[in-house]
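Heads up: the sequence shown begins at 1303 in my numbering, then just goes up one per residue.
The beta-carbon is built from N, C-alpha and C at its ideal position, and this holds for glycine as well.
This one's a predicted model, so the numbers in the text were calculated from it and none came from an experiment.
First comes the structure, then the notes that go with it.
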Amino acid sequence: KYFNNEAFEANRYDNDLAQWEVARRKNRLSLFALNAGQASIIATAMTAMMANAAFGVMNGDMTIGDFVLINAFTMQIFMPLNFLGFVYREIRGSLANIDNLFSLLAQRPAISDKPDSLALTLKGGVENATVQFENVHFSYHDARPILNGITFQVEAGKKVAIVGESGAGKSTIMKLLFRFYEPTRGTVCVNGQDISQVTQNSLRSHIAIVPQDTVLFNTTLKDNIAYGNPNATDEEIMHAASLAHLNHFIAQLPDGINTKVGERGLKLSGGEKQRVAIARALLKGAPIMIFDEATSSLDSESEQAILAALRDAAKGHTSLVIAHRLSTIIDADNILVMNKGMITEQGTHSQLLQKQGVYAKLWHTQQSTRKR
């Protein structure tokens, strides 16, 4: 509807439907031809057999009883053969489905747990939730490296931000920490444990994320928040909503927290969706939290409200913040500036401004843009 292409989509659907009709017609015609040919063969065979039996009776070689017996046997033999065409088609269709099913079952994930993998252990929770990247190299394609020797550490309970231009490799760091991909070289560790040596389930259970694009389901607000921990109690869900600054919004809803949010959360604004994502991440109770450009699509007013919720959410967690707007990470304990897959600068907000480097230029550019 945005592009006024209803007629285009309708025509495309009609074309697909026409192709399906042609294939269906061919299928029906082939089945009809098979059944007709089969019926002709059976009828010819039955006629020949009954004619021979009739001649035998006429010649005195057979009795009427023999003729009736042959007729009965012939009917018992040939009647089931009338279904041969239908059975053949069903078998061929089933074999095609079975082939697709086994092809699907034969697929294996690119990243899998090693046979001797152990569960990730974080005794003491956040106190031991240290994240380390040691000389990490990575590329989606050999011809285009994304990360070139990244080394940094997020101390337990601290907040580290990663900034840089689009394509610098910021989101790739998040994907490597979740172990959606394996580094080409180098290691990623949590609490000194190489994440390639631990089970994926145990690793991801210790990490929560507030993504840039929040995925909401066409169900109640409560169910969407509870997706972070399906076993959570109502009190825990409401507490997470409170920490995400959702209380006032929930109080205005007709059915409160049991109000349906619509398909993909269409009944919620961008800021409200992000608060739901924050509540969902908090409810998971993971010691490590990732904020992946959580305010990039919000206006200034919504951004300030979300920033307050993000600051509260980061308390008591080891936080990794991927940001485009520098105003959202000025309170970070350490800021990593990335360019072409490498860390070119790092320090606190004030330290980086004093260096008058890439970060300072980005900061002044964004501030001048906001004032216009």
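Endpoints, beta strand (DSSP E) assigned at residue i
i       : result
Tyr1442 : 1433-1443
Phe1454 : 1446-1456
Leu1622 : 1620-1624
Met1644 : 1644-1649
Leu1638 : 1636-1641
Val1490 : 1487-1492
Lys1461 : 1461-1466
Met1591 : 1590-1594
Ile1511 : 1509-1512
Boundaries (first-last residue) of the alpha helix (DSSP H) holding residue i
i       : result
Phe1348 : As written in the sequence, residue 1348 is Met, which differs from the Phe given in the question. Here the alpha helix (DSSP H) through Met1348 covers 1308-1360.
Ala1579 : 1572-1586
Glu1537 : 1536-1545
Lys1477 : 1472-1479
Ala1412 : Looking at the DSSP string, Ala1412 is not in any alpha helix (DSSP H), and its letter there is neither H nor E.
Val1563 : It is not in any alpha helix (DSSP H) - Val1563 carries neither H nor E in the DSSP assignment.
Asp1525 : 1523-1528
Gly1367 : 1366-1380
Leu1505 : 1502-1506
Asn1549 : 1549-1554
Proximal residues to residue i (C-beta, below 8 Å), its chain only, five neighbours per side dropped
i       : result
Thr1521 : Lys1562, Val1563
Lys1416 : Ser1498, Gln1499
Asn1450 : His1439, Lys1642, Gly1643, Met1644
Leu1386 : Gln1340
Asp1633 : Lys1461, Arg1613, His1651
Arg1506 : Phe1480, Arg1481
Asp1368 : Ala1355, Gly1358, Val1359
CB-CB length for residue i against residue j, believed under 8 Å
i       : j       : result
Ala1398 : Val1623 : At roughly 50 Å, the Cβ-Cβ gap does not stay under 8 Å, so Ala1398 and Val1623 are not in contact.
Gly1643 : Ala1470 : 7 Å
Leu1422 : Gln1495 : 6 Å
Leu1518 : Lys1575 : 6 Å
Gly1479 : Val1465 : Sequence inspection shows Leu at residue 1479; the Gly mentioned does not correspond to that position. Not confirmed; about 17 Å, so no contact.
Ile1344 : Leu1319 : Their Cβ separation, rounded to whole angstroms, is 37 Å, which puts Ile1344 and Leu1319 out of contact at 8 Å.
Glu1647 : Lys1657 : 6 Å
Beta carbon of residue i nearer than 7 Å to that of residue j
i       : j       : result
Ile1645 : Leu1638 : yes
Asn1493 : Leu1424 : yes
Asp1635 : Lys1460 : yes
Arg1394 : Leu1333 : no
Ala1579 : Val1512 : yes
Ile1372 : Ala1355 : yes
Thr1501 : Ser1419 : yes
Ile1452 : Ser1441 : no
Neighbourhood of residue i by C-beta, 7 Å cutoff - its chain only, sequence neighbours within 5 removed
i       : result
Lys1586 : Ala1510, Gly1530, Asn1531
Lys1569 : Val1563
Arg1566 : Leu1518
Ala1542 : Ile1527, Ala1581, Leu1584, Leu1585
Burial state of residue i (16 or more Cβ within 10 Å)
i       : result
Gln1653 : exposed
Thr1516 : buried
Ser1621 : buried
Pro1589 : buried
Tyr1661 : buried
Arg1582 : buried
His1443 : exposed
Val1370 : exposed
Thr1474 : buried
Lys1472 : buried
His1508 : buried
Arg1487 : exposed
His1550 : exposed
Arg1330 : exposed
Met1640 : buried
Leu1407 : exposed
Arg1446 : exposed
Gly1573 : buried
Pro1485 : buried
Arg1314 : exposed
Arg1577 : buried
Proximal residues to residue i (C-beta, below 6 Å), its chain only, five neighbours per side dropped
i       : result
Gln1455 : Gln1434
Ile1559 : Leu1523, Lys1524, Ile1552
Ile1592 : Met1476, Ile1511, Leu1622
Thr1376 : Met1348, Met1351
Trp1665 : Leu1628
Gln1554 : none
Ala1528 : Ala1534, Ile1539
Glu1467 : none
Met1364 : Gly1358
Asn1437 : Gly1451, Thr1453, Gly1488
Tyr1483 : Lys1477
Distance cut-off 6 Å: residue i Cβ against heavy atoms of the ligand GDP
i       : result
Ser1342 : Of the ligands one can find in the structure shown there are none, so the ligand GDP has no counterpart to examine.
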